[in-house]
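Structure first, then comments.
Numbering (mature numbering (1 follows the signal peptide of the UniProt record, and there is no 0)), first residue to last: -27 to -1, 1 to 429.
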């Protein structure tokens, strides 16, 4: 057995150092399949990903043999290739063309050189993937080196990546992240719905009483469907309404949605009180009223005759239907009034024509007249010059006056400003509470008593 092992080792060494059949061990002194050998060995290329880390023994083939890598094998062997005419005919489709590699006996379908593939436009977190045997990428796969877009989640949740996906597309609850406070009205508590992490609505809680809700007469509190506490009122047929009084010609009216009457409306069955109007007018009912409250002119009722003196015409005041006064006739020509020299005709406010003569004041020189403060010169009717002074407080400024106890403000007839005068009405005097050592004293010049020291 020892001799047999020694013989095998010797045979291997002889093969390694033989000049005709030299084998090179892939290592520091040999070339990998995807590099060029320093000897006459053929250039090989390992195309399969699983062969990149395989160490092969590269044989040196005899003349007539080719160094060929069989299918589904990582290391080449020496073999005799058939004639090119004996290779099977192949039909390549798409982006592939027939090509015979140096390590193959017959041509195979390979990708076209400089082939331009369409971009797939993969989303962040993905990259293009080319399936074995294809020339262009056909789908996108996850790529941890490419960051995903930020995915934001509400409070209490964190981003979640579903199985089979590369980036988060939804959120899931995170018990370590507390939810923000959620406030609900009285009578309700926060509610977390199915699939939620934090409260997003409120629900009724019978343990929390509702605040009292007050309704007017004839109504009771009403809780709407879906609410927890009453928010409106509804009619209660068991609670009678208070009496509601309306004026004559109207009846109580209940508005839609109310339970008791809150206003009045007209009722033709209720008669109105008679409304008396003067001659020429008829009772008038204003829009929105039920009974007449004013009068309007009646064109079918003629007005009684109204007589005016010569030079005047009957006058109907605004709002009246018949004349009640006279006014000057602008088309009436007044008879001439002959006044002596130095006099001119005078037209009174109540007359339409002048009937008296007065001196022509434009030709009269008036001597100056001086009046005390609070008075101004006054000219009598029919005269040209002022002869006396008349009270005139329009330009007088009166100071603010405070009257002492027992005095009152009054307005003198001949003065513009108020003054103080004693009232001497003891009912207006203050009740005195004198200090110890004082007494109540009545000054003869005053109306009310005062306190004075007893020592005096």
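A virtual CB, placed ideally from N, CA and C, is assigned to each residue, including glycine. Quantities reported herein were computed from a predicted structural model and do not represent experimental measurements.
Taking the straight line between their C-alpha atoms, what separation do you get for residue i and residue j?
i	j	result
residue 75	residue 104	24 Å
residue 55	residue 78	7 Å
residue 184	residue 162	15 Å
residue 356	residue 334	8 Å
residue 3	residue 46	Only weak support exists for where residue 3 lies, its pLDDT of 34 falling under 50; the coordinates are left without a value.
residue 354	residue 250	42 Å
residue 106	residue 44	14 Å
residue 159	residue 130	28 Å
residue 411	residue 427	5 Å
residue 324	residue 331	15 Å
residue 414	residue 408	13 Å
residue 433	residue 49	Only positions -27 to 429 of the chain appear in the structure, and residue 433 is not among them; the question remains open.
residue 11	residue 72	Caution applies to residue 11, whose pLDDT of 33 falls short of 50 and renders its modelled position unreliable; the model cannot decide the point.
residue 24	residue 125	44 Å
residue 274	residue 298	19 Å
residue 368	residue 266	47 Å
residue 143	residue 127	11 Å
residue 33	residue 58	26 Å
residue 240	residue 262	11 Å
residue 326	residue 316	16 Å
residue -7	residue 27	Only weak support exists for where residue -7 lies, its pLDDT of 36 falling under 50; the coordinates are left without a value.
residue 20	residue 133	The predicted model places residue 20 with a pLDDT of 43, which falls under 50 and marks its position as unreliable; any figure quoted below should be read in that light. When rounded, the distance between both Cα atoms is 38 Å.
Taking all protein chains shown into account, do 16 or more other C-beta atoms lie within 10 angstroms of the C-beta of residue i, making it buried, or fewer, making it exposed?
i	result
residue 383	exposed
residue 88	exposed
residue 94	exposed
residue 31	buried
residue 112	exposed
residue 360	exposed
residue 338	exposed
residue 380	buried
residue -12	Unreliable placement is indicated for residue -12, whose pLDDT of 39 sits below 50; the coordinate value is still reported in the next sentence. Residue -12 is exposed by the Cβ-count criterion.
residue 123	exposed
residue 42	buried
residue 148	exposed
residue 234	buried
residue 397	exposed
residue 98	buried
residue 424	exposed
residue 141	buried
residue 61	exposed
Is residue i near the ligand ZN, going by C-beta to nearest heavy atom under 8 Å?
i	result
residue 396	Among the ligands in the structure shown, none appear at all, so the ligand ZN cannot be discussed.
Are the beta-carbon atoms belonging to residue i and residue j less than 9 Å from one another?
i	j	result
residue 157	residue 170	no
residue 203	residue 264	no
residue 217	residue 245	no
residue 224	residue 196	no
residue 209	residue 193	yes
residue 173	residue 186	no
residue 287	residue 279	yes
residue 256	residue 268	yes
residue 191	residue 213	yes
residue 321	residue 310	no
residue 307	residue 284	yes
residue 402	residue 422	yes
residue 86	residue 109	no
Please name the residue, chosen from the options, that lies closest to residue i on a Cα-to-Cα basis.
i	options	result
residue 296	145, 182, 276	276
residue 40	53, 29, 28, 102	53
residue 119	305, 100, 137	100
residue 395	377, 408, 174, 403	377
residue 372	358, 390, 386	390
residue 270	179, 289, 322	289
residue 200	207, 211, 175	175
residue 281	108, 302, 358, 241	302
residue 81	67, 97, 96, 63	63
residue 293	179, 328, 252	252
residue 314	300, 336, 306	336
residue 36	109, 121, 51, 405	51
residue 230	116, 207, 211, 177	207
For residue i, decide whether its Cβ has a neighbour in chain B, counting only Cβ atoms nearer than 9 Å.
i	result
residue 283	Any reference to chain B falls outside this structure, which holds one protein chain only.
Can you check DSSP and say which residues form a bridge with residue i?
i	result
residue 350	362
residue 381	394
residue 101	113
residue 413	424
residue 83	70
residue 192	208
residue 133	143
residue 163	175
residue 317	331
residue 224	238
residue 299	287
residue 267	257
residue 243	Answer is none; residue 243 lacks a bridge partner.
residue 52	39
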